[in-house]
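Line by line, the protein sequences give chains A and B.
Okay, so the first sequence: first residue is 2 according to the numbering used here, each after it adds one.
Okay, so the second sequence: first residue is 2 according to the numbering used here, each after it adds one.
Where a beta carbon is used, it is the ideal one built from N, C-alpha and C, also for glycine.
Note that the structure is predicted; figures quoted are calculated from it, not measured.
For reference, the structure discussed in these notes is given below.
Number of protein chains: 2
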Amino acid sequence: MATSRWTAAPARTASPRRRGAVLEHAILDAALEQLGTVGWKGLTMEGVAAEAQTGKAALYRRWPSKEDLVADALVSGLPRLEAAPDLGNVREDLLALCRQVRQIMFSRPGIALRAVIHECDQLHTERFEGVIVGNVVEPTVELLRAVIMRGIGRGEVRSDAADGYVLDAVPAMMMYRSKMCGSEWSDRELEEMIDRLMLPLLRPYGA
Amino acid sequence: MATSRWTAAPARTASPRRRGAVLEHAILDAALEQLGTVGWKGLTMEGVAAEAQTGKAALYRRWPSKEDLVADALVSGLPRLEAAPDLGNVREDLLALCRQVRQIMFSRPGIALRAVIHECDQLHTERFEGVIVGNVVEPTVELLRAVIMRGIGRGEVRSDAADGYVLDAVPAMMMYRSKMCGSEWSDRELEEMIDRLMLPLLRPYGA
Chain A
2 MATSRWTAAP ARTASPRRRG AVLEHAILDA ALEQLGTVGW KGLTMEGVAA
52 EAQTGKAALY RRWPSKEDLV ADALVSGLPR LEAAPDLGNV REDLLALCRQ
102 VRQIMFSRPG IALRAVIHEC DQLHTERFEG VIVGNVVEPT VELLRAVIMR
152 GIGRGEVRSD AADGYVLDAV PAMMMYRSKM CGSEWSDREL EEMIDRLMLP
202 LLRPYGA
Chain B
2 MATSRWTAAP ARTASPRRRG AVLEHAILDA ALEQLGTVGW KGLTMEGVAA
52 EAQTGKAALY RRWPSKEDLV ADALVSGLPR LEAAPDLGNV REDLLALCRQ
102 VRQIMFSRPG IALRAVIHEC DQLHTERFEG VIVGNVVEPT VELLRAVIMR
152 GIGRGEVRSD AADGYVLDAV PAMMMYRSKM CGSEWSDREL EEMIDRLMLP
202 LLRPYGA
């Protein structure tokens with residue numbers, strides 16, 4: 002999995018002649034840093050500019066508003082999902098994929114994203130929930146589909162299992178138990194979910 | 002299902018000599034009314050007292066704080082789950098139960114409860130999420146368990162299906178799709194979830 006840019010070295014020592022992508026990265030890093038320290042409500046374009054050792058104009062040229070900047074910073078900081086695991090059986094593939102999702106959920110940008118959604122007003126909620134859907138949920142569902150299709154090909158999984166409701170079960174459970182039970186999804190819990198929920202759900206007819 | 006007290010007639014015309022349970026109900030109704038008009042942040046003990054045509058002292062004698070009053074008002078206003086449906090087969094029972102859950106989620110107090118959780122600060126979030134867990138999620142899971150146990154008894158459901166992960170699948174999916182896709186869970190979506198997710202998950206081994 003690509004590592005988060007959150008932990009990159011601060012840009013404080015960068016040359017004042019930073020341009021283009023280099024300056025943009027420094028600003029996005031500074032925005033994530035500010036989000037971690039002062040939160041969504043405390044974050045200002047001035048504060049981010051100061052943290053990135055640049056001027057406010059450099060920010061407004063790229064992002065018309067604070068929410069545009071924060072959305073970009075979160076997207077750029079979130080770990081990316083790797084390709085669909087291909088470990089020879091659906092149980093190991095699902096486990097490997099769930100571990101990747103857990104890593105994103107509990108990355109610093111992942112935690113910050115949930116905090117922003119809680120802190121921002123209703124008007125912005127939809128936008129930041131869209132960041133979760135587009136950058137975590139949808140890619141997860143696509144990889145789940147690939148894992149399940151391979152299981153169907155091996156005869157391990159019933160032929161009609163690549164269904165939207167089945168594919169949503171993993172992200173739904175991970176979100177629900179994290180929110181409602183405070184679960185951090187230990188390896189054991191992930192295994193239990195696969196063994197007690199997903200494998201009985203996916204087993205071929207007659208099995 | 003018991004109807005919500007939210008829609009009860011306002012207490013404005015009540016006698017000034019209201020006492021005990023009558024006065025308490027009038028205050029709880031006034032709190033729900035205020036929640037619907039000014040929201041969590043706008044709600045004050047003074048405002049609720051005025052709405053209920055009583056004094057602040059009558060409120061503080063019963064609820065030491067705004068959050069205690071609002072939590073009680075939400076709990077008292079939420080529709081209650083009926084007994085577990087018993088319609089002769091697991092598909093119809095699950096559908097009937099899901100329709101009850103939907104009715105609670107989209108009742109005015111159910112909507113207000115989600116709005117309060119979004120509006121209140123982190124300190125109070127846990128308390129109001131506890132209201133959902135204790136008054137919606139846990140009762141739902143218990144009724145699901147009863148429905149599934151009856152299905153096991155009829156040989157319709159595999160014998161090890163009354164498992165925590167299986168029981169969480171319905172509330173997890175209902176919360177997830179409502180939050181992430183804005184789903185209002187039409188009858189058709191409920192049927193699809195039962196037919197594509199729950200029945201394949203519950204079917205006996207060998208089926």
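(message) For Arg100/B and Ile28/A, what's the separation of their Cα atoms in angstroms?
(response) Residue numbering aside, residue 100/B sits at position 99 when the second sequence is read from its first letter. Residue numbering aside, residue 28/A sits at position 27 when the first sequence is read from its first letter. Their backbone Cα atoms lie some 48 Å apart in a straight line.
(request) Look at Leu198/B and Met174/B and say whether their C-beta atoms are less than 9 Å apart. (result) Taking the second sequence and counting its residues from 1, the one referred to as residue 198/B is at position 197. Taking the second sequence and counting its residues from 1, the one referred to as residue 174/B is at position 173. Cβ atoms of Leu198/B and Met174/B: closer than 9 Å.
(request) At 7 Å on the CB atoms, spell out the chain B contacts of Leu124/A, in chain order. (result) As a position in the first sequence, residue 124/A is number 123, starting the count at 1. The CB of Leu124/A never comes closer than 7 Å to any CB in chain B; the least such distance is about 12 Å.
(request) Measure the Cβ-Cβ separation of Leu75/B and Val132/B and say whether it is below 9 Å. (result) Translated into the one-based positions of the second sequence, residue 75/B becomes position 74. Translated into the one-based positions of the second sequence, residue 132/B becomes position 131. Yes.
(message) Measuring only the C-alpha atoms, how far is His26/A from Gly37/A?
(response) Here residue 26/A refers to the residue found at position 25 when the first sequence is read from its first residue. Here residue 37/A refers to the residue found at position 36 when the first sequence is read from its first residue. Computed Cα separation, rounded: 17 Å.
(message) Rounded to whole angstroms, what is the Cα-Cα separation between Gln35/A and Trp41/A?
(response) For the purposes of this step, residue 35/A is taken as the residue at position 34 of the first sequence. For the purposes of this step, residue 41/A is taken as the residue at position 40 of the first sequence. Those two C-alpha atoms are separated by around 8 Å.
(request) Pull up the distance between the alpha-carbon of Glu185/B and that of Ser179/B, whole angstroms please. (result) Residue mapping note: residue 185/B aligns to position 184 of the second sequence, counting from 1. Residue mapping note: residue 179/B aligns to position 178 of the second sequence, counting from 1. Cα-Cα distance, rounded: 6 Å.
(message) Can you confirm whether Leu75/B, when its beta carbon is compared against all beta carbons of chain A, has any partner nearer than 9 Å?
(response) On the second sequence, position 74 is the one that residue 75/B refers to. It does not; no Cβ of chain A falls within 9 Å.
(message) Quick check on this structure: which residue in Val39/A, Leu60/A, Leu88/A has the alpha carbon closest to the alpha carbon of Met46/A?
(response) Translated into the one-based positions of the first sequence, residue 46/A becomes position 45. Nearest option by C-alpha distance: Leu60/A.
(request) Could you tell me the boundaries of the alpha helix (DSSP H) in which Phe129/A lies? (result) Translated into the one-based positions of the first sequence, residue 129/A becomes position 128. Looking at the DSSP string, the run of the alpha helix (DSSP H) that includes Phe129/A is 123–133.
(message) For a test of the three-state rule: what should DSSP assign to Arg197/A, helix, strand or coil?
(response) The residue given as residue 197/A occupies position 196 in the first sequence. If DSSP states are grouped into helix, strand and coil, Arg197/A belongs with the helices.
(request) Determine whether the Cβ of Ala208/B lies closer than 9 Å to any Cβ atom of chain A. (result) As a position in the second sequence, residue 208/B is number 207, starting the count at 1. So, interface residue.
(message) Give me the subset of the region 150–164 of chain B whose CB atoms are less than 9 Å from a CB atom of chain A, sorted by chain position.
(response) Across the region 150–164 of chain B, CB contacts with chain A closer than 9 Å involve Arg159, Asp161, Ala162, Asp164, in sequence order along the chain.
(message) Can you find the residues in the same chain that come closer than 6 Å, C-beta to C-beta, to Gly111/A, ignoring five residues on each side of it along the sequence?
(response) The count along the first sequence starts at 1 and reaches residue 111/A at position 110. For Gly111/A, where only same-chain residues beyond five positions count, the Cβ hits under 6 Å are Ile105.
(request) Could you check how far apart the C-beta atoms of Arg92/A and Leu200/A are, in whole angstroms? I think they sit under 8 Å. (result) As a position in the first sequence, residue 92/A is number 91, starting the count at 1. As a position in the first sequence, residue 200/A is number 199, starting the count at 1. The beta carbons of Arg92/A and Leu200/A sit about 6 Å from each other, so the pair counts as a contact at 8 Å.
(request) Please name the residues in the region 167–180 of chain A whose beta-carbon is closer than 8 Å to at least one beta-carbon of chain B, in chain order. (result) Flagged, chain order: Val167, Asp169, Ala170, Pro172, Ala173, Met174, Met176, Tyr177, Arg178, Lys180.
(message) Please report the distance separating the alpha-carbon of Gly43/B from that of Arg115/A.
(response) Residue mapping note: residue 43/B aligns to position 42 of the second sequence, counting from 1. Residue mapping note: residue 115/A aligns to position 114 of the first sequence, counting from 1. Each residue's alpha carbon lies about 24 Å from the other.
(request) Count the other C-beta atoms from every protein chain shown that fall within 10 angstroms of the C-beta of Phe107/B, then say buried if there are 16 or more, exposed otherwise. (result) Position 106 of the second sequence, counting from 1, holds the residue named residue 107/B. For Phe107/B, the number of other beta carbons within 10 angstroms of its own is below 16, and it is reported as exposed.
(request) Go ahead and label Val137/A buried or exposed: buried means 16 or more other beta carbons lie within 10 angstroms of its beta carbon, across all protein chains shown. (result) Here the question's residue 137/A lines up with position 136 in the first sequence. By the neighbour-count rule (16 or more Cβ atoms within 10 Å), Val137/A is buried.
(request) Mind the definition here: the region 135–152 of chain A touches the region 139–151 of chain B only if three or more C-beta pairs lie below 8 Å; say whether that holds. (result) Segments in contact, no.
(message) Residues in the same chain with beta-carbon distance under 6 Å from Thr141/A, minus the five sequence neighbours each way, listed in chain order, please.
(response) Start at 1 with the first residue of the first sequence, and residue 141/A comes out as number 140. Sequence-distant Cβ neighbours of Thr141/A in its own chain, meaning closer than 6 Å and more than five residues away, are Val102, Pro172.
(message) Please list, in chain order, the chain B residues whose beta carbon lies closer than 7 Å to that of Arg197/A.
(response) Walking along the first sequence from the start, residue 197/A turns up at place 196. Near Arg197/A (Cβ distances below 7 Å), the residues of chain B are Asp164, Tyr166, Val167.
(message) Which complete alpha helix (DSSP H) runs does the region 12–68 of chain B hold, if anything under 4 residues is left out?
(response) If we require 4 residues or more, the alpha helix (DSSP H) runs fully inside the region 12–68 of chain B come out as 21–43, 46–52, 57–63.
(message) Residues of chain A with CB closer than 7 Å to the CB of Met106/B, please, in chain order.
(response) Within the second sequence, numbered from 1, the residue matching residue 106/B stands at position 105. Going along chain A, no residue has its Cβ under 7 Å from Met106/B, so there is no contact; the nearest lies around 14 Å.
(message) Under 9 Å, Cβ to Cβ, is there at least one residue of chain B near Asp188/A?
(response) On the first sequence, position 187 is the one that residue 188/A refers to. So no, Asp188/A is outside the interface.
(message) If I measure Cβ to Cβ from Ala162/B and keep anything under 8 Å in the same chain, skipping five residues before and after, which residues do I get?
(response) The residue you call residue 162/B lines up with position 161 of the second sequence. Cβ within range, chain order: Ile149, Gly152, Ile153, Leu202, Leu203.
(message) I need the straight-line Cα distance from Leu88/A to Asp164/A, nearest angstrom please.
(response) As a working note, residue 88/A is residue 87 in the first sequence. As a working note, residue 164/A is residue 163 in the first sequence. Leu88/A and Asp164/A: Cα-Cα distance of roughly 22 Å.
(request) Over the uninterrupted alpha helix (DSSP H) stretch that includes Tyr166/A, give me the two end residues. (result) Working through the first sequence from its first residue, we reach residue 166/A at position 165. For Tyr166/A, the enclosing alpha helix (DSSP H) covers residues 165–181.
(message) Counting only C-beta atoms, is Pro140/B closer than 9 Å to chain A at any point?
(response) If you number the second sequence from 1, residue 140/B lands on position 139. Answer no: the Cβ-Cβ gap between Pro140/B and chain A never drops below 9 Å.
(message) Using the Cβ count rule (16 or more neighbours within 10 Å means buried), how would you classify Tyr206/B?
(response) Along the second sequence, one-based indexing puts residue 206/B at 205. Taking all protein chains shown into account, Tyr206/B has fewer than 16 neighbouring C-beta atoms within 10 Å of its C-beta and is therefore exposed.
(request) Figure out for me which residue from Lys57/A, Ala97/A, Ala208/A, Ala32/A has the closest Cα to the Cα of Ser160/A. (result) The residue you call residue 160/A lines up with position 159 of the first sequence. The option with the nearest alpha carbon to Ser160/A is Ala208/A.
(message) Which residues in chain A have a C-beta closer than 9 Å to the C-beta of Val102/B? List them in chain order.
(response) Position 101 of the second sequence, counted from the start, is the residue given in the question as residue 102/B. None at all; the shortest Cβ gap to chain A is about 13 Å.
(request) Rounded to whole angstroms, what's the CA-CA distance from Gln54/B to Arg20/B? Just pull it up for me. (result) Your numbering for residue 54/B matches position 53 in the second sequence. Your numbering for residue 20/B matches position 19 in the second sequence. Taking the straight line joining both Cα atoms gives about 13 Å.
(request) Under the assumption that Leu98/A contacts Pro86/A (Cβ atoms under 8 Å), give the Cβ distance between them as a whole number of angstroms. (result) In the first sequence, the residue the question calls residue 98/A occupies position 97. In the first sequence, the residue the question calls residue 86/A occupies position 85. Taking a contact as a CB-CB distance under 8 Å, the pair Leu98/A and Pro86/A counts as one, their CB atoms being some 6 Å apart.
(request) Note down, in chain order, each residue of its chain lying with its Cβ closer than 8 Å to the Cβ of Gly156/A, except the 5 sequence neighbours on either side. (result) Numbered from 1 along the first sequence, position 155 holds the residue referred to as residue 156/A. So the list reads Pro205, once near-sequence residues are dropped.
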